[in-house]
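Numbering (our numbering), first residue to last: 191 to 507. Glycine included, each C-beta is placed from N, C-alpha and C at the ideal position. Reviewing the structure listed below.
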């Protein structure tokens with residue numbers, strides 16, 4: 191029995207064992223590939239590709255993400271390219287939009303079908319870094335014989351999802367290796383770099399979607415998460431990243447209803463909203479006049495005595 195045949199037999203045996211799928215995410219993905227998508231792990235046909243026109247349309251739809259990602263893809267490839275790694279960016283359906291690879295490795299990536307226009311969704315290629323990352327909306331490492339198709343077992347893939355300004359999945363960042371001697375430990379190191387870069391792309395894509403807003407960066411238990419809120423001049427939340435939506439209990443995707451940012455942070459005090467606005471206006475006036483109460487009062491069009499009374503009520507000294 192050939193190596194490919196042994197791999198295919200192991201995949202089928204594991205995928206058809208319900209207990210294995212319950213215990214292992216990898217086995218569950220193999221089961222999806224075999225039973226739900228109807229794929230054959232021994233299938234030898236090449237990776238499916240879309241037409242150049244269809245690719246151009248997908249690139250146009252992902253224009254903002256691609257523009258933000260370009261320098262980050264270059265930087266990631268500069269760090270990893272010499273070790274036989276290629277850096278790929280896909281859309282939300284697993285179609286490769288861009289590839290960075292060294293000249294000496296480009297032939298390998300072309301032979302594997304890791305080129306723009308290739309469809310690496312789970313429905314097309316079974317368990318693989320890109321497709322499984324998108325199917326499960328999480329970072330994954332698929333090392334060599336963890337792939338579904340026997341013909342893909344020469345590669346290792348490290349992936350992280352990229353989420354859009356409304357919390358929706360918009361793509362995946364992939365680093366695939368052509369090195370046969372690459373270890374799982376090195377893959378985990380690369381995976382951390384991939385996740386960090388994906389979050390940078392996500393954060394910059396979010397900022398680009400709200401150019402006029404003030405961006406608030408909130409704390410997160412997950413150090414890799416981009417917990418960002420876009421707030422307008424009236425303190426109303428315009429948008430939130432996926433991680434921020436999860437942190438603050440907001441809708442996971444879609445536009446957000448108007449809501450004061452202070453409500454999300456649980457700020458409560460004894461003053462009303464009008465009093466807070468009044469206090470802020472008085473503080474600004476005092477700052478502009480370097481603490482001169484008379485000038486600050488004139489600036490706001492009120493008497494000096496009235497200004498003092500309001501200072502006392504609002505706790506200004």
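Inter-residue CB distance, residue i and residue j (contact presumed, cutoff 8 angstroms)
i, j, result
"residue 426", "residue 449", "7 angstroms"
"residue 433", "residue 415", "4 angstroms"
"residue 499", "residue 472", "Rounded, the Cβ-Cβ distance is 11 angstroms, inconsistent with contact."
"residue 356", "residue 444", "6 angstroms"
Identity of the residues DSSP links to residue i by a beta bridge
i, result
"residue 239", "308"
"residue 347", "332, 366"
"residue 466", "Paired residue(s): none; residue 466 is not in a bridge."
"residue 450", "426"
"residue 289", "278"
"residue 391", "Per DSSP, none; premise fails for residue 391."
"residue 476", "Per DSSP, none; premise fails for residue 476."
Cβ shell of residue i (< 7 angstroms), same chain only, five flanking positions each side left out
i, result
"residue 446", "427, 429, 430, 440"
"residue 305", "286, 289, 299"
"residue 493", "487"
"residue 369", "273, 274"
"residue 262", "387, 390, 391"
"residue 200", "none"
"residue 374", "333"
"residue 512", "Nothing about residue 512 can be reported from this structure: the residues present for the chain run from 191 to 507 only."
"residue 460", "Unreliable placement is indicated for residue 460, whose pLDDT of 48 sits below 50; no coordinate value is reported for it."
"residue 452", "425"
6 angstroms CB neighbourhood of residue i in its chain, flanking five on each side removed
i, result
"residue 380", "348, 365"
"residue 331", "348, 377, 381"
"residue 221", "205, 211"
"residue 350", "329, 363, 384, 385, 388"
"residue 316", "223, 229, 338, 339"
Residues near residue i by beta carbon distance below 8 angstroms, same chain, minus five either side
i, result
"residue 479", "485, 486, 489"
"residue 251", "281"
"residue 417", "407, 408, 409, 410, 431, 433, 434, 437"
"residue 241", "307"
N- and C-terminal bounds of the alpha helix (DSSP H) containing residue i
i, result
"residue 490", "483 to 490"
"residue 546", "The structure shown does not extend to residue 546, since the chain is modelled only from 191 through 507, so no value can be given for it."
"residue 420", "That residue, residue 420, is in no alpha helix (DSSP H); its beta strand (DSSP E) goes 418 to 421."
"residue 213", "208 to 213"
"residue 261", "253 to 270"
"residue 296", "296 to 302"
Range of the contiguous beta strand (DSSP E) that encloses residue i
i, result
"residue 280", "275 to 281"
"residue 231", "Here residue 231 belongs to no beta strand (DSSP E), and DSSP marks it neither H nor E."
"residue 506", "Element bounds for residue 506: n/a, residue is neither H nor E."
"residue 404", "404 to 407"
Open item on the list: Taking contact to mean 3 or more Cβ pairs, one atom from each stretch, closer than 8 angstroms, check whether the segment 331 to 345 and the segment 241 to 256 are in contact.
Closed with: Contact fails: fewer than three Cβ-Cβ distances are below 8 angstroms.
Task: Stretch pair the segment 355 to 369 + the segment 382 to 395: three plus CB contacts closer than 8 angstroms - done: Under the 8 angstroms Cβ criterion, the segment 355 to 369 counts as touching the segment 382 to 395, having at least three qualifying pairs.
Open item on the list: Under 8 angstroms: do the segment 215 to 222 and the segment 314 to 324 share three or more Cβ pairs, one atom per stretch?
Closed with: With contact defined as three or more Cβ pairs closer than 8 angstroms, the segment 215 to 222 and the segment 314 to 324 are in contact.
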